[in-house]
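Input: a single structure, listed below in structure tokens.
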Amino acid sequence: YNYVVGVLTAALESNSAEHGKVRLLPNTQVSVQDRQLRNLEHRLLDVTWSVTSTEREKFHRPIRVPLVNGLFGKRVFFINREDTRFSAALTVKELQSLRAVQGQDWPDTRIFRHNGYHVVEATYQSAFRMLAEHFVDYFPRGVLEITYEAAQRTQESIVIEPSLAVHYPSAMFFFVSHDNERLAKRIEEGMKNLVESGRLQEMLRSQPFYQQSQALLKGRTVFRLTNPLLSHASLEALETFAITD
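Residue numbers (our numbering): 245 to 489.
As structure tokens, then:
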């Protein structure tokens, strides 16, 4: 949250001489991403941020400069510590035949199934219980969240699998309402200013969550998936603004 607010602040400050000063007022009501996006339509919010999809882009205006360099599409697995099958190198076919667990109606569920993976749907909490009791074989989680989650579950029979990762294109963007073209253009201009100056790359690389994620991915065998929920324009933005280390 602090990183994204810092990026938005820096983007708006970068062109304040042309467009004027802005004061950001946070929405104090905690709400899920879909609710935040709906609030844009009703002008209860001016700007929010979310992982994008073709469906979300139909109803809201994305600012197509990725905020976290595609990290939401990079996933590693929770497995049961007693499961020895992951000790050997797995092929794509072997991984597809195992049972992944994902949340009900999560976009990841559709993405994994589209790529031929066997997915069982469950609630978030029951996914951990199913893995602990061997009803499923692995639980893919984003590299931005899995380290924190593992720290909360040290007493359970669940560990982070050390050698595999899945990667599919995924971008988190700022969003505004479709009829707020003036704000959209200002944020887009400011974001491009940050990219061209190197400021956005510097801000992201300095974040502990980014450094932790990069370390977690290092040396893993990566299985690449396609993302049927991503528009061509957003895929191009991911490639155009990719940060390489």
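All C-beta atoms, glycine included, are put in the ideal place defined by N, C-alpha and C.
Small disclaimer: the values here were computed from a predicted structure and weren't measured.
A direct Cα-to-Cα measurement between residue 419 and residue 287 gives close to 12 Å. Residue pairing for residue 416: DSSP places it in a beta bridge opposite 295.
In chain order, 281, 294, 306, 419 place their CB closer than 8 Å to the CB of residue 300, counting only its own chain and leaving out the 5 sequence neighbours on each side. The bridge partners DSSP lists for residue 346 are 365. Nearest neighbour of residue 405 by Cα position, chosen from 309, 385, 315, 252, turns out to be 385.
The C-alpha of residue 283 lies about 44 Å from the C-alpha of residue 327. By the criterion of a C-beta distance shorter than 8 Å, residue 348 is surrounded in its chain by 365, 366, 367, once the five residues flanking it on both sides are discounted. Per the coordinates, the alpha-carbon of residue 352 lies some 31 Å from the alpha-carbon of residue 433. In this structure, residue 313 lies near residue 448, with their beta-carbon atoms less than 8 Å apart. Counting along the chain, the unbroken beta strand (DSSP E) around residue 323 starts and ends at 318 to 324. If you look at residue 250, you'll find it in the alpha helix (DSSP H) that goes 246 to 258.
When DSSP assignments are scanned along the stretch 354 to 404, the uninterrupted stretches of alpha helix (DSSP H) that are 4 or more residues long and fall wholly within it turn out to be 368 to 376, 390 to 395.
Fewer than three Cβ pairs drawn from the stretch 385 to 402 and the stretch 331 to 343 lie within less than 8 Å of each other, which leaves the two stretches out of contact.
In the structure shown, residue 263 falls within a helical segment according to DSSP collapsed to helix, strand and coil. The DSSP-derived three-state label of residue 329 is helix. Fewer than three beta-carbon pairs drawn from the stretch 428 to 446 and the stretch 371 to 390 are found closer than 8 Å, and the two stretches are therefore not classed as touching.
Of the candidates 402, 337, 461, 436, the residue whose Cα lies closest to the Cα of residue 377 is 402. With a threshold of 16 other beta carbon atoms within 10 Å, residue 332 falls short and is exposed. Counting the other Cβ atoms within 10 Å of the Cβ of residue 318 gives 16 or more, which makes it buried. Membership of residue 439 in the alpha helix (DSSP H) is indicated by the continuous run 425 to 441. Collapsing the DSSP output to three states places residue 303 in a helix.
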